[in-house]
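Novice: Quick one: the structure is below, questions incoming.
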């Protein structure tokens with residue numbers, strides 16, 4: 058399994074909070090559309106700061122349960138019907154045919170072994186259970202508005218360096234596009250996908266998330282190029298300016314259902 062490039066302790070709490078504010082509304086809307094409700098048994102893989110697990114716990118109620126996993130589960134909190142487990146989705150087994158829902162957000166794109174991890178998640182579904190993935194196409198980050206063309210050029214260099222660092226760590230930076238095919242190949246049916254991008258103005262949660270990433274990965278970004286230390290200073294300043302606006306990564310929600318007993322073939 059590759060090292061998660063954003064996994065250092067510095068700024069990780071702020072990173073998770075910004076990410077959750079950007080993505081939780083998208084995730085929760087899709088989970089509601091899948092019908093998550095009382096009595097469901099759910100697995101949240103790579104639970105991060107725990108906001109999805111907490112939301113699921115409220116939805117499934119006392120008759121349901123939630124297992125939330127992470128390789129470093131320091132940001133997760135057990136309680137009530139939510140159980141926390143230290144778990145690596147690439148190397149550690151899961152119970153088979155156990156869950157009504159398996160969810161993972163921004164997990165598989167970072168893993169060179171993403172297809173193996175996906176197969177493990179699919180096997181953990183009960184017949185009829187749902188898988189939901191939240192994934193990015195990282196190539197789509199672009200400047201929408203700026204008062205200074207030079208700042209736009211500096212941001213473009215930052216983005217190219219960021220994508221290069223992710224790829225060097227084993228990420229598929231277009232995994233959001235590839236996930237639909239992968240879910241279908243894994244044997245799921247009723248496969249669907251929606252994608253959206255939102256404006257991220259300077260000073261907002263999305264811009265703050267990008268600024269945090271620029272600090273978490275500063276050494277790797279400068280080693281990789283073409284971004285410079287001066288570029289990073291300029292980008293960080295712009296990301297606090299409401300007149301500087303970028304579009305978010307194109308965010309894909311991809312889902313599929315494990316066939317009922319006797320239908321379909323789940324990949325092992």
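In the numbering used here, the protein residues as written are 58 to 325. Every residue, glycine too, gets a C-beta built ideally from N, C-alpha and C. Source: prediction; values computed, not measured.
May I ask which residues mark the beginning and end of the beta strand (DSSP E) holding residue 160?
Specialist: Numbered from 1 along the chain shown, position 103 holds the residue referred to as residue 160. Run containing residue 160: 156 to 162, per the beta strand (DSSP E) assignment.
Novice: Can you tell which of 228, 299, 114, 232 has its C-alpha closest to the C-alpha of residue 308?
Specialist: Position 251 of the chain shown, counted from the start, is the residue given in the question as residue 308. Residue 232 is the option with its Cα nearest to residue 308.
Novice: Using DSSP with H/G/I as helix, E/B as strand and the rest coil, what is residue 270?
Specialist: Reading the chain shown from its first residue, position 213 is the one you call residue 270. Three-state result, residue 270: helix.
Novice: Using beta-carbon positions only, say whether residue 182 and residue 200 come within less than 7 Å of one another.
Specialist: Here residue 182 is taken as the residue at index 125 of the chain shown, counted from 1. Here residue 200 is taken as the residue at index 143 of the chain shown, counted from 1. For residue 182 and residue 200, no; Cβs fall outside 7 Å.
Novice: Can you tell me where the alpha helix (DSSP H) with residue 84 in it begins and where it stops?
Specialist: Along the chain shown, read from residue 1 onward, the residue named residue 84 stands at position 27. It spans 69 to 91 - the alpha helix (DSSP H) in which residue 84 sits, taken as one unbroken run.
Novice: When you compare only the Cα positions, how much space is there between residue 58 and residue 204?
Specialist: Reading the chain shown from its first residue, position 1 is the one you call residue 58. Reading the chain shown from its first residue, position 147 is the one you call residue 204. Annotation note: pLDDT 40 at residue 58 (below 50); position unreliable, coordinate value reported separately. Spanning the two alpha carbons is a distance of roughly 42 Å.
Novice: Flag this pair as yes or no: are the beta carbons of residue 326 and residue 132 separated by less than 7 Å?
Specialist: What the structure shows of the chain is the stretch from 58 to 325, and residue 326 is not part of that stretch, so it cannot be assessed.
Novice: Ignore the nearest five residues each way along the sequence and tell me which others in residue 299's own chain have a CB closer than 7 Å to its CB.
Specialist: Within the chain shown, numbered from 1, the residue matching residue 299 stands at position 242. Only 258, 259, 260 meet the Cβ criterion.
Novice: Thinking residue 139 and residue 164 are a contact (beta carbons under 8 Å), I'd like their distance in whole angstroms, please.
Specialist: Position 82 of the chain shown, counting from 1, holds the residue named residue 139. Position 107 of the chain shown, counting from 1, holds the residue named residue 164. That belief does not hold up - the Cβ atoms of residue 139 and residue 164 are roughly 18 Å apart, past 8 Å.
Novice: By Cβ distance, which residues of its chain are closer than 7 Å to residue 116, with the 5 residues on each side in sequence left out?
Specialist: Taking the first residue of the chain shown as position 1, residue 116 is located at position 59. These residues qualify, in order along the chain: 93, 94.
Novice: Compare the Cα-Cα distances from residue 302 to each of 202, 156, 105 and report the closest residue.
Specialist: Within the chain shown, numbered from 1, the residue matching residue 302 stands at position 245. Answer by Cα proximity: 202.
Novice: Taking 8 Å as the threshold, find out whether the stretch 228 to 246 comes into contact with the stretch 263 to 280 through three or more Cβ pairs.
Specialist: Touching, no, given that fewer than three Cβ pairs across the two stretches are closer than 8 Å.
Novice: Apply the 10 Å Cβ neighbour rule to residue 144 and answer buried if 16 or more other Cβ atoms are within range, or exposed otherwise.
Specialist: Position 87 of the chain shown, counted from the first residue, corresponds to residue 144. So residue 144 ends up on the buried side.
Novice: From the DSSP output, read off the bridge partner residues of residue 126.
Specialist: As a first step, residue 126 must be located in the chain shown, where it is residue number 69. The partner list for residue 126 (beta bridge, DSSP) reads 142.
Novice: Measure the beta-carbon distance from residue 378 to residue 169 and round it to whole angstroms, keeping in mind my assumption that it falls under 8 Å.
Specialist: Nothing can be reported for residue 378: it is not among the residues displayed for the chain, which extend from 58 to 325.
Novice: CA-CA distance, residue 97 and residue 294?
Specialist: Along the chain shown, read from residue 1 onward, the residue named residue 97 stands at position 40. Along the chain shown, read from residue 1 onward, the residue named residue 294 stands at position 237. If you take the alpha carbons of residue 97 and residue 294, they lie about 45 Å apart.
Novice: Bridge partners for residue 314 per DSSP, in chain order?
Specialist: Locating residue 314 in the chain shown gives position 257, counting from the first residue. The partner list for residue 314 (beta bridge, DSSP) reads 187, 246.
Novice: Which same chain residues, not among the five before or five after residue 78, have their C-beta less than 6 Å away from its C-beta?
Specialist: Looking up residue 78 in the chain shown gives position 21. Counting only Cβ-Cβ distances below 6 Å, and skipping sequence neighbours, we find 262.
Novice: What does a CB cutoff of less than 7 Å around residue 174 pick up in its chain, not counting 5 residues either side in sequence?
Specialist: As a first step, residue 174 is located in the chain shown; it is residue number 117 there, counting from the start. For residue 174, where only same-chain residues beyond five positions count, the Cβ hits under 7 Å are 146, 147, 165, 168.
Novice: Please report the distance separating the alpha-carbon of residue 129 from that of residue 81.
Specialist: In the chain shown, residue 129 corresponds to position 72, counting from 1. In the chain shown, residue 81 corresponds to position 24, counting from 1. Rounded to whole angstroms, residue 129 to residue 81 spans 21 Å at the Cα level.
Novice: DSSP three-state label for residue 280, please.
Specialist: Here the question's residue 280 lines up with position 223 in the chain shown. DSSP places residue 280 in helix when its eight states are reduced to three.
Novice: Does DSSP classify residue 256 as helix, strand or coil?
Specialist: Looking up residue 256 in the chain shown gives position 199. Residue 256 falls in the strand class under three-state DSSP.
Novice: Looking at the structure shown, is residue 166 part of a helix, part of a strand, or coil, going by DSSP?
Specialist: Position 109 of the chain shown, counted from the start, is the residue given in the question as residue 166. Three-state result, residue 166: helix.
Novice: Considering residue 101, what are the terminal residues of the beta strand (DSSP E) in which it resides?
Specialist: Your numbering for residue 101 matches position 44 in the chain shown. From DSSP, the beta strand (DSSP E) with residue 101 extends over 98 to 102.
Novice: Note down, in chain order, each residue of its chain lying with its Cβ closer than 8 Å to the Cβ of residue 281, except the 5 sequence neighbours on either side.
Specialist: By 1-based counting over the chain shown, the position of residue 281 is 224. Once the five neighbours on either side are set aside, the close Cβ partners of residue 281 are 218, 221, 222, 225.
Novice: Report buried or exposed for residue 162, applying the criterion of at least 16 other Cβ atoms within 10 angstroms of its Cβ.
Specialist: Taking the chain shown and counting its residues from 1, one reaches residue 162 at position 105. With 16 or more Cβ atoms within 10 Å of its Cβ, residue 162 is classed as buried.
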